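Chains as they are written, first to last, in my numbering: chain F, 2 to 338; chain V, 1291 to 1576.
For glycine and all other residues, C-beta sits at the position ideal for the given N, C-alpha and C.
Keep in mind that this is a model prediction, so the values were computed, not measured.
Just below is one structure, and these are the notes that go with it.
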């Protein structure tokens, strides 16, 4: 129903570019025929250059088929990883034309640049070292610890109770999301654990049987509030896990319950909306940053001079015309999760 | 053409120039906007994560206010747009949730019947004004203005909402810029993230991420950037001095809100569109 409502009208402006840029498998497949040349440029680790190969297109050719073809014929020393060839093992992820894909599942492009995943050390050519990810996951104690004895089969779990954990269990640890994440790309600037480790954490932390003390220990060093909600991870996830909305957001809700001192920003946001109805950026920043706000005084002066902030409104605590409704909804006491 | 109008918090505070420009441009386009005076914040990313049921309450209430007016809803902020679309989809998929949310609205005599169409200003231009009419309304084509379109995230991702396999394939802003007489440029930041949503507690992420995007726009020849989202605008424009210090180089790239770019081509002056409120001066003759 939502799709019909939101896509009515002659043009669907939400999808402009899909047709001309062949933004679907069917459209892409029509651009190439059996026997056509496939140009593959592979990033080699010895000298960092792109090495070019040509191979003829075969029916339903995947990126992995192309890599195997050139490894057999032209580049026996090309290093790449794969095992199952069927979207199960998660070992063959690479970047094709700047986008993370599973080599075993992705259709070839007539011209494609194949590079190793980002944000992980390259061992050789397209093979990356997964150790940073594995260390992070291990630090999250990724196992289920029951606090009450097993009640016998079937366990009394509802669909709603286990929904998010069961989605997280679809993860094949391919590291596509970890490579696509812009915050992980910033390296040690933040302590953000990254999407892939958080999905692993979600498998147990979002399971209602899990020991909440163990969840709190993991979340307290997850850096989860450094997620910028860009959905880059969801875009490349071959298992179609709603990483932001179905894993990271429910984990943030856990933080509020279990480690509230980490959740200063969202709790301040909630308090401002509940009182004023809309966000007053000045009050939000003051509540979140406290005295740290002194460091950005030059910007505040610039903003004030251009009429972009209103300190009077902030300091006098003006409520907006939406305050009544926001207070009523947000301060209602019934259970909210 | 009538719309219920939801500007969001940013366009009523740090980006008030966007709200005013939107009203001026709407009048030129023949859009009649009915502001929803008691509309609250949609909850941005924060409430959405920590209190989902009340997040749905706030968003569905906004949709119900528009429904009561019998009007489609026009937004001008990416994050508000996605929140409202997600809330609409969630109550369409889950009747129990709809019941729970409607219970929160009962005190005001509101009940959402799931009929509100949600449309960002960018989509209204294509779907409701139409390309032909818009072309006729362009009285001052912006010849020679090279523009870097900055989509932001929530108008082109997640894939489950907008249907792109690769969000970089979106061309809505570039096609519009061409129609207005500009010359859109290609650069690496088009559909990347500005980092706004973590900026209230740690702005270093936003500064590092957005620095690369503005730099790429400049290096590829953009005289200005344009964005459909006031949150992206805040980082691109209000943080640009800090970004320059971090990069150790001058950028000085002005950033327009989407309605301002449209307004210039429709013959409104930079002053009428409040472009002089931006931190980076737009001193380009168009």
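ask   = Which residues of chain V have a Cβ atom closer than 9 Å to the Cβ of residue 300(F), listed in chain order?
value = Within the first chain, residue 300(F) is the residue found at index 299, counting from 1. Going along chain V in sequence order, the residues near residue 300(F) (Cβ under 9 Å) are 1528, 1529, 1531, 1532, 1569.
query = Leaving out the 5 sequence neighbours to the left and right, which residues in its chain are closer than 7 Å to residue 100(F) when beta-carbon positions are compared?
reply = Working through the first chain from its first residue, we reach residue 100(F) at position 99. Same-chain partners within the cutoff: 237.
task = Let me know the secondary structure DSSP gives residue 56(F) once reduced to three states.
result = Translated into positions along the first chain, residue 56(F) becomes position 55. DSSP places residue 56(F) in strand when its eight states are reduced to three.
ask   = For residue 1292(V), does the three-state DSSP call read helix, strand or coil?
value = Position 2 of the second chain, counted from the start, is the residue given in the question as residue 1292(V). In this structure, DSSP gives residue 1292(V) an extended state, which the three-state scheme calls strand.
task = Could you tell me if residue 1354(V) is buried or exposed, where buried requires 16 or more neighbouring beta carbons within 10 angstroms of its beta carbon?
result = Reading the second chain from its first residue, position 64 is the one you call residue 1354(V). Buried, by the Cβ-count rule.
request  = Label residue 4(F) either buried or exposed according to how many other C-beta atoms from any shown protein chain fall within 10 Å of its C-beta, with 16 as the threshold for buried.
outcome  = By one-based count along the first chain, residue 4(F) stands at place 3. Residue placement at residue 4(F) is flagged as unreliable, the pLDDT there being 42, under the threshold of 50; the coordinate-derived value follows with that caveat. That one is exposed.
ask   = What are the boundary residues of the beta strand (DSSP E) that residue 42(F) is part of?
value = Position 41 of the first chain holds residue 42(F). Note, residue 42(F): beta strand (DSSP E), 38–44.
task = Classify residue 1569(V) as helix, strand or coil using the three-state DSSP reduction.
result = In the second chain, the residue the question calls residue 1569(V) occupies position 279. Residue 1569(V): coil per DSSP, three-state reduction.
request  = Have a look at the DSSP bridge pairing and note the partners of residue 125(F).
outcome  = One-based indexing of the first chain puts residue 125(F) at position 124. Paired residues: 128(F).
task = Run the CB neighbour count on residue 1317(V), radius 10 Å, all protein chains shown included, and call it buried at 16 or more, exposed below.
result = As a first step, residue 1317(V) is located in the second chain; it is residue number 27 there, counting from the start. Residue 1317(V) sits exposed, since fewer than 16 C-beta atoms from the chains shown fall within 10 Å of its C-beta.
DSSP-derived helix/strand/coil call for residue 263(F) = Numbered from its first residue, the first chain carries residue 263(F) at position 262. Reduced to three states, the DSSP call for residue 263(F) is helix.
ask   = At what residues does the alpha helix (DSSP H) containing residue 217(F) begin and finish?
value = Counting from one through the first chain, the residue named residue 217(F) turns up at place 216. Taken as a continuous stretch (DSSP letters only), the alpha helix (DSSP H) holding residue 217(F) covers 213–221.
ask   = Near residue 96(F), which residues of its chain fall below 6 Å by C-beta distance, leaving aside the five closest residues on each side in sequence?
value = Residue mapping note: residue 96(F) aligns to position 95 of the first chain, counting from 1. Once the five neighbours on either side are set aside, the close Cβ partners of residue 96(F) are 116.
inquiry  = Alpha carbons only, please: which of 1437(V), 1575(V), 1546(V) is nearest the one belonging to residue 1311(V)?
reply    = Position 21 of the second chain, counted from the first residue, corresponds to residue 1311(V). Closest option to residue 1311(V), Cα to Cα, is 1546(V).
ask   = In the DSSP assignment, what residue or residues form a beta bridge with residue 103(F)?
value = The count along the first chain starts at 1 and reaches residue 103(F) at position 102. When DSSP reads this structure, residue 103(F) sits in a beta bridge with 94(F).
query = Which of the residues in the region 1398–1421 of chain V, read from start to end, lie with their CB under 9 Å from any CB of chain F?
reply = Answer in chain order: 1398, 1404, 1405, 1406, 1407, 1408, 1409, 1410, 1412, 1413, 1414, 1415, 1416, 1417, 1418, 1420, 1421.
Interface residues of the region 1340–1358 of chain V facing chain F [CB-CB below 8 Å] = Against chain F - using a Cβ distance shorter than 8 Å - the residues of the region 1340–1358 of chain V are 1340, 1341, 1342, 1343, 1344, 1347, 1348, 1351.
request  = Please list the partners that residue 1545(V) has in chain F, where partner means a Cβ-to-Cβ separation under 7 Å.
outcome  = Taking the first residue of the second chain as position 1, residue 1545(V) is located at position 255. Against chain F, the beta carbon of residue 1545(V) has no neighbour under 7 Å; the closest one sits roughly 13 Å away.
message = Short of 6 Å in beta carbon distance, which residues of its chain neighbour residue 1414(V), apart from the five on each side in sequence? Order them along the chain.
response = Locating residue 1414(V) in the second chain gives position 124, counting from the first residue. Excluding five sequence positions before and after residue 1414(V), the CB atoms of its chain that fall closer than 6 Å to its own CB belong to 1364, given in chain order.
task = Within the same chain, show all residues whose beta-carbon is closer than 7 Å to that of residue 240(F), passing over the 5 residues directly before and after it, in chain order.
result = By 1-based counting over the first chain, the position of residue 240(F) is 239. If we look at residue 240(F) and ignore the five residues flanking it on each side, its Cβ neighbours are 171, 172, 173.
Any chain V beta carbon closer than 8 Å to residue 227(F) = For this step, residue 227(F) is matched to residue 226 along the first chain. True, the Cβ-Cβ gap to chain V drops below 8 Å.
message = Strictly by DSSP, which residues pair up with residue 1322(V)?
response = Here residue 1322(V) is taken as the residue at index 32 of the second chain, counted from 1. Note: residue 1322(V) sits in a beta bridge opposite 1292(V).
inquiry  = Can you confirm whether residue 1327(V), when its beta carbon is compared against all beta carbons of chain F, has any partner nearer than 8 Å?
reply    = Translated into positions along the second chain, residue 1327(V) becomes position 37. Residue 1327(V) counts as touching chain F.
ask   = Would residue 39(F) count as contacting chain V if we go by Cβ distances under 8 Å?
value = Numbered from 1 along the first chain, position 38 holds the residue referred to as residue 39(F). Among the residues facing chain V, residue 39(F) is not included, as its CB has no counterpart in that chain under 8 Å away.
key: Continuous alpha helix (DSSP H) stretch holding residue 1408(V): start and end   = Mapped onto the second chain, residue 1408(V) falls at position 118. For residue 1408(V), there is no enclosing alpha helix (DSSP H); the enclosing beta strand (DSSP E) covers residues 1408–1410.
ask   = From the beta carbon of residue 232(F), is the nearest beta carbon of chain V less than 8 Å away?
value = Locating residue 232(F) in the first chain gives position 231, where the first residue counts as 1. Yes, because at least one Cβ of chain V sits closer than 8 Å to the Cβ of residue 232(F).
ask   = Name the chain F residues that come within less than 7 Å of residue 1487(V), Cβ to Cβ?
value = By 1-based counting over the second chain, the position of residue 1487(V) is 197. Here the neighbours are 229, 230.
task = Would you kindly work out how many angstroms separate the C-alpha atoms of residue 228(F) and residue 74(F), rounded to a whole number?
result = Start at 1 with the first residue of the first chain, and residue 228(F) comes out as number 227. Start at 1 with the first residue of the first chain, and residue 74(F) comes out as number 73. Looking at the two C-alpha atoms, the distance is approximately 43 Å.
inquiry  = For residue 1333(V), count the other beta carbons within 10 Å of its own beta carbon; 16 or more makes it buried, fewer makes it exposed. Which is it?
reply    = Counting from 1 along the second chain, the entry for residue 1333(V) is found at position 43. Counting every other CB atom within 10 Å of its CB across the protein chains shown gives residue 1333(V) a total of 16 or more, marking it as buried.
key: Where residue 1(F) meets chain V, residues with beta-carbon distance less than 7 Å   = The requested residue 1(F) is not part of the displayed model; chain F covers only 2 to 338.
query = To which residues of the same chain is residue 118(F) closer than 8 Å at the C-beta, ignoring the five residues directly before and after it?
reply = Here residue 118(F) refers to the residue found at position 117 of the first chain. Excluding five sequence positions before and after residue 118(F), the CB atoms of its chain that fall closer than 8 Å to its own CB belong to 94, 95, 96, 101, 129, 176, 177, 179, 180, given in chain order.
request  = Name the residue from 1522(V), 1372(V), 1397(V), 1378(V) whose alpha carbon lies nearest to the alpha carbon of residue 1439(V).
outcome  = If you number the second chain from 1, residue 1439(V) lands on position 149. With distances taken between Cα atoms, residue 1439(V) lies closest to 1522(V).
query = Would the region 1324–1344 of chain V and the region 1549–1566 of chain V be scored as touching if the rule is three or more Cβ pairs under 8 Å?
reply = Verdict: no, contact absent.
message = Taking a contact to mean a Cβ-Cβ separation below 8 Å, would you say residue 331(F) touches residue 271(F) in this structure?
response = Position 330 of the first chain holds residue 331(F). Position 270 of the first chain holds residue 271(F). Cβ distance < 8 Å, so residue 331(F) and residue 271(F) count as in contact.
message = From the DSSP secondary-structure annotation, give me the bridge partner or partners of residue 51(F).
response = Against the first chain, residue 51(F) aligns to sequence position 50. According to DSSP, residue 51(F) shares a beta bridge with 44(F).
task = For residue 115(F), name the three-state secondary structure that DSSP assigns.
result = If you number the first chain from 1, residue 115(F) lands on position 114. Correct three-state label for residue 115(F): strand.
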